[in-house]
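Q: Shown below is the structure under consideration.
Numbering (this note's numbering), first residue to last: 54 to 457.
Following this line, the structure appears as structure tokens:
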């Protein structure tokens with residue numbers, strides 16, 4: 054065992070406080086300052102964080118079984134691990150000892166904390182799952198040990214954060230055994246995580262619906278432009294193989310605002326790749342992406358080279374159906390990108406049709422139209438009562454003034 058007394062190691066001989074980084078070969082004996090020591094030294098509570106394979110080995114280890122068997126109601130043992138089909142039986146065995154288990158995805162590495170000690174190591178280089186937890190531990194290197202109060206409290210705090218985000222073992226075991234999908238809605242705060250989720254959703258989905266305004270010239274520099282190009286090319290191969298595929302399947306549909314001529318070349322590239330694009334003047338403040346059973350939404354303007362700082366993720370049916378319904382309604386009432394490009398190139402203004410439900414707004418619009426008339430005003434009143442209503446709000450007087 055080598056103890057490095059540098060930035061990675063410190064010792065106070067007067068107080069007995071020790072922080073060590075230990076490196077050992079496979080022939081060395083298990084060090085006294087180890088994960089085993091931390092677990093066995095606990096008085097009231099010990100917390101353990103370890104990967105799924107290490108949990109299997111630990112659950113079979115005689116030393117650990119004897120220790121866990123001594124647990125009583127006044128003592129608390131908590132474990133965070135990844136619960137999957139391979140280790141679910143081991144998890145159930147540990148829970149019989151009264152150990153509290155919770156699940157996190159993709160757990161890697163090992164650390165344990167008791168009231169006054171902390172120890173951590175890398176993921177074990179597992180060669181044989183049947184080997185003992187102790188023997189496998191001897192293969193690990195770069196062990197960190199500390200009994201410094203501040204360091205111990207620091208990692209206790211980290212464990213509590215992880216514990217609060219982890220799923221109870223009972224819930225996770227049901228998901229694994231029933232092979233059910235876990236439903237969740239959460240706020241994502243990490244721009245890299247948000248982009249990774251968008252990429253993952255795009256890669257796994259058979260059809261994608263996009264709704265956002267975008268600085269098109271910046272899109273060409275983003276990871277998503279290349280990704281969508283590859284996805285569209287893959288869809289194109291499927292269309293050639295099966296001409297009966299529905300238009301809404303294996304497709305990327307995009308609703309955005311197209312207003313400038315310098316946006317047209319890129320839009321034509323995307324249309325050429327097979328993306329379906331429509332123009333809408335009425336974009337909501339919230340942008341969103343819908344894939345197979347999932348939605349990612351943000352109130353930020355999406356500029357992919359700068360990232361998104363906050364986004365809503367959900368795979369729960371009420372959320373996905375809400376956004377899908379909104380998208381389909383907007384899609385029906387938007388303008389095909391080819392038509393929009395033609396209007397822009399010919400400098401034509403597109404007409405608008407709007408249903409107005411508020412009478413006061415209708416009256417205001419009626420009055421403004423009359424006031425803006427230059428040469429001619431044509432009015433049809435559906436009934437006599439309608440004529441009297443217009444007299445009452447001053448329309449006839451406005452017509453007289455316009456005629457003078």
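Glycine is no exception: its CB is placed at the ideal position from the N, C-alpha and C atoms. All values derive from a computational prediction rather than experimental measurement.
Candidates 427, 446, 438, 380: which alpha carbon is nearest residue 419's?
A: Of the candidates 427, 446, 438, 380, the one whose C-alpha sits nearest the C-alpha of residue 419 is 446.
Q: Answer yes or no: do residue 330 and residue 310 have a C-beta to C-beta separation smaller than 8 Å?
A: No; because the gap between Cβ atoms is not below 8 Å, this pair is not in contact.
Q: Label residue 219 either buried or exposed according to how many other C-beta atoms from any shown protein chain fall within 10 Å of its C-beta, with 16 as the threshold for buried.
A: Residue 219 is buried by the Cβ-count criterion.
Q: Nearest to residue 333 by alpha carbon, out of 204, 286, 282, 390?
A: The candidate whose alpha carbon is nearest that of residue 333 is 390.
Q: Between residue 328 and residue 307, is the Cβ-Cβ spacing less than 8 Å?
A: Result yes, Cβ atoms of residue 328 and residue 307 sit closer than 8 Å.
Q: Just list the alpha helix (DSSP H) runs in the stretch 89-177, keeping only unbroken ones of 4 residues or longer that don't cross its boundaries, in chain order.
A: The stretch 89-177 contains these whole alpha helix (DSSP H) runs: 105-113, 115-122, 141-148.
Q: Assign residue 174 to buried or exposed, taking buried as 16 or more other Cβ atoms, counted over all protein chains shown, within 10 Å of its Cβ.
A: That one is buried.
Q: With a floor of 4 residues, list each alpha helix (DSSP H) that falls wholly inside the stretch 211-268, ordered by position along the chain.
A: For the stretch 211-268, whole alpha helix (DSSP H) runs of length 4 or above, ordered along the chain, are 222-231, 244-257.
Q: Does the ligand COA have even one heavy atom less than 7 Å from the beta-carbon of residue 308?
A: With respect to small molecules bound, the structure shown includes none, and the ligand COA cannot be examined in it.
Q: So with Cβ pairs under 8 Å, would you call residue 212 a contact of chain D?
A: You won't find chain D in this structure, because it holds only one protein chain.
Q: Can you tell me whether residue 235 is buried or exposed, with buried defined as 16 or more other CB within 10 angstroms of its CB?
A: That one is exposed.
Q: Quick one: give me the first and last residue of the alpha helix (DSSP H) that residue 415 is part of.
A: Looking at the DSSP string, the run of the alpha helix (DSSP H) that includes residue 415 is 412-425.
Q: With contact counted as at least three CB pairs below 8 Å, one residue from each stretch, are the stretch 91-109 and the stretch 164-173 in contact?
A: Because the criterion of three Cβ pairs below 8 Å is met, the stretch 91-109 and the stretch 164-173 touch.
Q: So, with DSSP's three-state summary, where would you put residue 447?
A: Of the three classes helix, strand and coil, the one that applies to residue 447 here is coil, per DSSP.
Q: Where does residue 14 fall in DSSP's three states?
A: Past the boundaries of the shown model lies residue 14; the chain is included only from 54 to 457, so the question cannot be answered.
Q: Look at the alpha carbon of residue 282 and the alpha carbon of residue 369, and state the distance between them as a whole number of angstroms.
A: Near 28 Å, if we compare the C-alpha coordinates of residue 369 and residue 282.
Q: Determine the direct distance from the alpha carbon of residue 118 to that of residue 148, and round the result to whole angstroms.
A: Roughly 12 Å separates the two Cα atoms.
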